[in-house]
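Numbering-wise (full-length UniProt numbering), the sequence shown opens with residue 21 and increments by one.
We treat Cβ as the ideally placed atom computed from N, Cα and C, and that holds for glycine.
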Amino acid sequence: ICSAAQINRASFPKGFVFGTASSAYQYEGAVKEDGRGPTVWDKFAHSFGKVLDFSNADVAVDQYHRFDEDIQLMKDMGMDAYRFSIAWSRIFPNGTGEINQAGVDHYNNLINALLAQGIQPYVTLYHWDLPQALEDRYNGWLNPQIIVKHWITFNEPHTFTTQGYDVGLQAPGRCSVFLLPFCRAGNSRTEPYVAAHNPKQRGALGVAFDVIWYEPATNSTDDLIATQRAQDFQLGWFIEPLILGSYPNTMIDRVGDRLPRFTKAESALVKGSLDFVGINHYTTFYARNDTSNIMGILLNDAFSDSGAITLPFKDGLKPTTDRANSIWLYIVPHGIRSLMNYIKEKYGNPPVIITENGMDDANNPFTSQKDALKDEKRIKYHNDYLSNLLASIKEDGSNVKGYFVWSLLDNWEWAAGFTSRFGLYFVDYNDKLKRYPKDSVQWFKTFLAS
Ligand code: GBH
21 ICSAAQINRA
31 SFPKGFVFGT
41 ASSAYQYEGA
51 VKEDGRGPTV
61 WDKFAHSFGK
71 VLDFSNADVA
81 VDQYHRFDED
91 IQLMKDMGMD
101 AYRFSIAWSR
111 IFPNGTGEIN
121 QAGVDHYNNL
131 INALLAQGIQ
141 PYVTLYHWDL
151 PQALEDRYNG
161 WLNPQIIVKH
171 WITFNEPHTF
181 TTQGYDVGLQ
191 APGRCSVFLL
201 PFCRAGNSRT
211 EPYVAAHNPK
221 QRGALGVAFD
231 VIWYEPATNS
241 TDDLIATQRA
251 QDFQLGWFIE
261 PLILGSYPNT
271 MIDRVGDRLP
281 RFTKAESALV
291 KGSLDFVGIN
301 HYTTFYARND
311 TSNIMGILLN
321 DAFSDSGAIT
331 LPFKDGLKPT
341 TDRANSIWLY
351 IVPHGIRSLM
361 NYIKEKYGNP
371 PVIITENGMD
381 DANNPFTSQK
391 DALKDEKRIK
401 YHNDYLSNLL
411 ASIKEDGSNV
421 KGYFVWSLLD
431 NWEWAAGFTS
441 RFGLYFVDYN
451 DKLKRYPKDS
461 VQWFKTFLAS
């Protein structure tokens with residue numbers, strides 16, 4: 021049987037980054053260790069009936085204690101990068117106030133261990149695990165005060181570059197030879213300028229948007245327009261303020277007074293603030309106009325405001341494509357290419373990183389571990405999505421810079437608990453959380469070794 025042209029790392033532009041992704045709450049466990057404070061997800065997971073299999077993430081896959089071993093797994097595959105999140109409540113157990121040094125140390129150690137293996141950290145600041153104290157005391161995300169509007173990346177760059185590299189009165193105490201022996205010999209004619217120039221080049225900021233690709237269910241004009249509205253209410257809602265400075269007009273029209281407005285100053289502040297667009301993409305849905313306002317009557321919420329009904333299949337309730345374990349995850353590889361084109365055309369071809377893409381299998385207690393490791397379906401999923409991504413770069417000219425697999429390991433899938441397995445590595449929940457490579461690990465190894 022003749023197979024389609026093989027793709028591999030070398031097919032992608034030079035410098036394209038491949039990695040795997042994770043989040044603190046789904047991976048770490050150790051929820052009561054080293055001063056970590058409770059989060060809204062701890063409370064939710066421990067409330068009866070919220071999680072499908074009545075599990076919680078108190079132990080999760082124990083990455084808090086096993087990151088060295090897990091980094092080795094990434095290294096074995098030839099991955100360039102690791103996306104993980106910092107648990108806010110490890111740094112600030114009460115949400116604000118005193119810093120918990122043990123939490124800072126943990127992420128320092130994790131980052132150092134990654135760098136030691138040549139794996140670049142991609143750090144998410146917030147992956148849903150809000151400190152419970154902020155929920156209790158301030159109503160969490162409903163309180164406008166929660167919003168950090170002003171980030172200060174560097175305190176007094178002028179001071180630390182001149183004091184540290186010119187006159188040597190502050191760390192690291194380098195200075196002109198004329199000031200010896202009060203400091204260490206540096207080169208005060210060049211070093212202050214080099215030190216001052218570097219910080220500006222460091223750090224790219226993005227947001228990971230979850231985007232289902234929407235296609236019109238029919239070619240009627242109403243469905244076409246509804247499809248645009250559905251996308252405005254999903255991606256546009258979050259990306260347009262950051263790129264264009266305001267919410268999409270469709271949202272302003274339909275949500276009216278209930279939609280908060282940006283002041284001129286806020287709009288100017290957020291507009292243009294993304295260095296890259298992160299996209300978590302898994303699936304494609306089909307949109308139709310909600311002609312009789314069924315959604316409005318049934319739900320009367322932020323979903324029904326779009327006036328579109330979005331379903332994973334086109335006609336009736338008949339699935340047209342294969343599905344993963346998650347009920348929403350239909351496998352539609354061309355969707356990623358269409359989405360990349362859409363972003364390119366609509367938002368001026370910004371740099372994009374696919375911050376998540378992957379599929380899950382059921383955690384079926386009757387499947388032997390040996391069979392669970394045979395994940396041809398996952399291999400095909402990644403091969404097909406990556407082929408389409410490549411076409412969007414090579415043939416359509418979209419500006420995609422990286423691709424992260426969700427996920428390195430099977431892990432705790434939120435309200436689905438441990439019923440879903442998204443990992444390239446299988447985690448044995450019955451035997452000390454041991455990790456075993458699924459066949460997709462070998463596939464990525466070969467793909468990345470090229
Ligand atoms: C990601 O979100 C998360 O970032 C990650 O933590 C998680 O483990 C991973 O996906 C796998 O689920 O009501 O049918 O319209 C993906 C989030 C899930 C958001 C599906 C949209 C649509 C469900 N997406 N959801 S539906």
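Inset, instruction - Answer yes or no: the CB of N431 versus the heavy atoms of ligand 1, is any distance below 8 Å? - result: Locating residue 431 in the sequence shown gives position 411, counting from the first residue. Checking the Cβ of N431 against ligand 1 gives yes.
Inset, instruction - Name the two residues that bound the continuous beta strand (DSSP E) containing R308. - result: Start at 1 with the first residue of the sequence shown, and residue 308 comes out as number 288. Run containing R308: 304-309, per the beta strand (DSSP E) assignment.
Inset, instruction - Within its chain, find whatever has a CB closer than 8 Å to the CB of T311; leave out the 5 residues flanking it on each side and keep chain order. - result: In the sequence shown, the residue the question calls residue 311 occupies position 291. Same-chain partners within the cutoff: D242.
Legend entry - Which residues DSSP lists as bridging Y405, in chain order: The sequence position of residue 405 within the sequence shown is 385, counting from 1. Beta-bridge partners of Y405 (DSSP): none assigned.
Inset, instruction - Go to residue 12, then tell me how far its beta strand (DSSP E) extends in each direction, as first and last residue. - result: Here the chain has residues from 21 to 470 only, and residue 12 is not among them.
Legend entry - Inter-residue spacing [alpha-carbon to alpha-carbon] between L255 and Y306: Indexing the sequence shown from 1 puts residue 255 at position 235. Indexing the sequence shown from 1 puts residue 306 at position 286. Those two C-alpha atoms are separated by around 15 Å.
Inset, instruction - Would you mind giving the Cβ-Cβ distance between I232 and T304, rounded to the nearest angstrom? I have them listed as a contact below 8 Å. - result: To locate residue 232, count along the sequence shown from 1; it is residue 212. To locate residue 304, count along the sequence shown from 1; it is residue 284. Distance from I232 to T304 at the Cβ level is roughly 7 Å; contact confirmed, criterion being Cβ atoms closer than 8 Å.
Inset, instruction - Answer yes or no: the CB of P332 versus the heavy atoms of ligand 1, is any distance below 8 Å? - result: Within the sequence shown, residue 332 is the residue found at index 312, counting from 1. P332 has its CB nearer than 8 Å to a heavy atom of ligand 1.
Legend entry - Per DSSP, the bridge partner or partners of R441: The residue you call residue 441 lines up with position 421 of the sequence shown. Paired residues: D381.
Inset, instruction - Indicate, with yes or no, if ligand 1 has a heavy atom lying under 8 Å from the CB of D230. - result: Counting from one through the sequence shown, the residue named residue 230 turns up at place 210. Yes, ligand 1 has a heavy atom inside 8 Å of this Cβ.
Legend entry - Pick from L468, D125, N419 that is closest to N403, judged by C-alpha positions: Walking along the sequence shown from the start, residue 403 turns up at place 383. The candidate whose alpha carbon is nearest that of N403 is L468.
Legend entry - Inter-stretch contact at 8 Å, needing at least 3 Cβ pairs: the segment 313-321 / the segment 283-290: Contact fails between the segment 313-321 and the segment 283-290, because fewer than three Cβ pairs, one in each stretch, are under 8 Å apart.
Legend entry - Reduced DSSP secondary structure (H/G/I, E/B, other) of R209: Against the sequence shown, residue 209 aligns to sequence position 189. DSSP places R209 in the coil class of the three-state scheme, outside both helix and strand.
Inset, instruction - Would you mind listing the alpha helix (DSSP H) stretches within the segment 244-301 that are 4+ residues and don't spill past its ends, in chain order? - result: As summarised for the segment 244-301, the continuous alpha helix (DSSP H) elements at least 4 residues long and confined to that stretch are 257-263, 269-275, 284-290, given in chain order.
Legend entry - Member of N129, T116, Q121 whose CA lies at the smallest distance from the CA of L150: Position 130 of the sequence shown holds residue 150. Nearest of N129, T116, Q121 to L150, Cα basis: T116.
Inset, instruction - Report back the beta-carbon spacing between N300 and D230 to the nearest angstrom; my notes put them in contact at under 8 Å. - result: By one-based count along the sequence shown, residue 300 stands at place 280. By one-based count along the sequence shown, residue 230 stands at place 210. The pair is a contact, with the Cβ atoms about 5 Å apart (cut-off 8 Å).
Legend entry - Spatial distance of L331 from G378 (CA atoms): Working through the sequence shown from its first residue, we reach residue 331 at position 311. Working through the sequence shown from its first residue, we reach residue 378 at position 358. The straight-line gap from Cα to Cα measures roughly 20 Å.
Inset, instruction - For R204, write down the residues that DSSP places opposite it in a beta bridge. - result: Working through the sequence shown from its first residue, we reach residue 204 at position 184. DSSP, once it has assigned bridges, lists R194 as partnering R204.
Inset, instruction - Count the other C-beta atoms from every protein chain shown that fall within 10 angstroms of the C-beta of H126, then say buried if there are 16 or more, exposed otherwise. - result: For this step, residue 126 is matched to residue 106 along the sequence shown. Buried, since its Cβ has 16 or more Cβ neighbours within 10 Å.
Legend entry - Rounded Cβ spacing between A133 and G57 (contact assumed at less than 8 Å): Working through the sequence shown from its first residue, we reach residue 133 at position 113. Working through the sequence shown from its first residue, we reach residue 57 at position 37. Contact flag wrong, Cβ pair sits at about 24 Å.
Inset, instruction - Count the C-beta pairs between the segment 64-74 and the segment 433-440 that are closer than 8 Å, then say yes if the count reaches three, no if not. - result: The segment 64-74 is in contact with the segment 433-440.
Inset, instruction - Keeping to the same chain, check which residues put their C-beta closer than 8 Å to that of S75; ignore five residues upstream and five downstream. - result: Residue 75 sits at position 55 when you count from the first residue of the sequence shown. For S75, same chain residues with a beta-carbon under 8 Å away, outside a window of 5 residues either side, are A65, W432, G437, F438 in chain order.
Inset, instruction - Tell me whether E376 counts as near ligand 1, meaning its Cβ is closer than 8 Å to at least one heavy atom of that ligand. - result: Position 356 of the sequence shown, counting from 1, holds the residue named residue 376. Within the cutoff, so yes.
Inset, instruction - For my contact list, R194 and T144 are in at a C-beta cut-off of 8 Å; report their separation, rounded to the angstrom. - result: The residue you call residue 194 lines up with position 174 of the sequence shown. The residue you call residue 144 lines up with position 124 of the sequence shown. Actually they are not in contact, since the Cβ atoms of R194 and T144 sit about 35 Å apart, beyond 8 Å.
Legend entry - Supposed contact pair G298 and G226 - C-beta distance, whole angstroms, cut 8 Å: As a position in the sequence shown, residue 226 is number 206, starting the count at 1. As a position in the sequence shown, residue 298 is number 278, starting the count at 1. Approximately 5 Å separates the beta-carbon atoms of G226 and G298; this is inside 8 Å, confirming the contact.
Inset, instruction - Helix, strand or coil for K34, going by three-state DSSP, please let me know. - result: Translated into the one-based positions of the sequence shown, residue 34 becomes position 14. Three-state result, K34: coil.
Legend entry - Sequence-distant residues of its chain with Cβ nearer than 6 Å to F258 (five each side left out): Start at 1 with the first residue of the sequence shown, and residue 258 comes out as number 238. For F258, same chain residues with a beta-carbon under 6 Å away, outside a window of 5 residues either side, are F229 in chain order.
Legend entry - Selected residue, minimal CA-CA separation from I356, among N383, N313, R398, Y302: Translated into the one-based positions of the sequence shown, residue 356 becomes position 336. Comparing Cα positions, the closest option is Y302.
Inset, instruction - Over the uninterrupted beta strand (DSSP E) stretch that includes V425, give me the two end residues. - result: In the sequence shown, residue 425 corresponds to position 405, counting from 1. First-last of the beta strand (DSSP E) with V425: 420-425.
Legend entry - Distance between S418 and T247 (C-alpha atoms, nearest Å): Working through the sequence shown from its first residue, we reach residue 247 at position 227. Working through the sequence shown from its first residue, we reach residue 418 at position 398. Pairing T247 with S418, the inter-Cα distance amounts to about 22 Å.
Legend entry - Cβ-heavy atom distance, D252 to ligand 1, below 8 Å: Counting from 1 along the sequence shown, the entry for residue 252 is found at position 232. No.
Legend entry - Residue range of the beta strand (DSSP E) that includes G226: Residue 226 sits at position 206 when you count from the first residue of the sequence shown. Per DSSP, G226 belongs to the beta strand (DSSP E) from 226-230.
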